[in-house]
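Input: a single structure, listed below in structure tokens.
Numbering (my numbering), first residue to last: 73 to 191.
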């Protein structure tokens with residue numbers, strides 16, 4: 073799992089925020105969100121995306137998070153730029169080094185076992 077002697081490893085935490093694209097075109101928004109979800113699924117299949125999910129309403133315009141299984145901010149930035157919603161500035165991103173349990177990779181396989189509805 074790539075753990076160090078403490079059972080930990082580096083990841084990159086991505087915070088998705090409301091971007092500067094304030095389009096009201098429903099078709100465009102739907103297309104970008106569909107591409108966003110397809111990109112998430114692709115990154116999961118590639119083993120790069122470990123955790124993803126939306127955040128509740130807040131004053132900072134934070135919309136969601138990713139935890140990427142990559143060692144550097146640069147590699148993470150390359151991956152998030154493949155997201156159409158990021159490319160089209162519907163989302164802006166902030167990236168942070170994060171040090172967490174190497175067992176985090178077990179989260180998604182465990183989640184697959186308990187879903188009642190597969191998004």
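All residues carry an ideal CB built from backbone N, CA and C; glycine is no exception.
Just so we're clear, the structure is a prediction, and the values are computed from it rather than from any experiment.
Distance, residue j Cα to residue i Cα
i           : j           : result
residue 170 : residue 100 : 33 Å
residue 118 : residue 90  : 26 Å
residue 130 : residue 88  : 12 Å
residue 164 : residue 174 : 27 Å
residue 31  : residue 150 : One cannot answer for residue 31 here, as it falls past the ends of the chain, which runs 73 to 191.
residue 147 : residue 97  : 32 Å
residue 183 : residue 73  : 18 Å
Beta-ladder partner(s) of residue i, from DSSP
i           : result
residue 82  : 171
residue 163 : 90
residue 123 : 139
Candidates the options, of which the one nearest residue i by Cα
i           : options            : result
residue 154 : 120, 76, 131, 178  : 120
residue 156 : 78, 93, 108, 97    : 108
residue 80  : 136, 97, 134, 143  : 143
residue 134 : 110, 162, 116, 115 : 162
Whole-Å CB distance - residue i paired with residue j, under 8 Å assumed
i           : j           : result
residue 180 : residue 139 : With a Cβ gap of about 11 Å, residue 180 and residue 139 do not count as contacting.
residue 167 : residue 84  : 6 Å
residue 137 : residue 128 : Contact doesn't hold; Cβ gap of about 12 Å is too wide.
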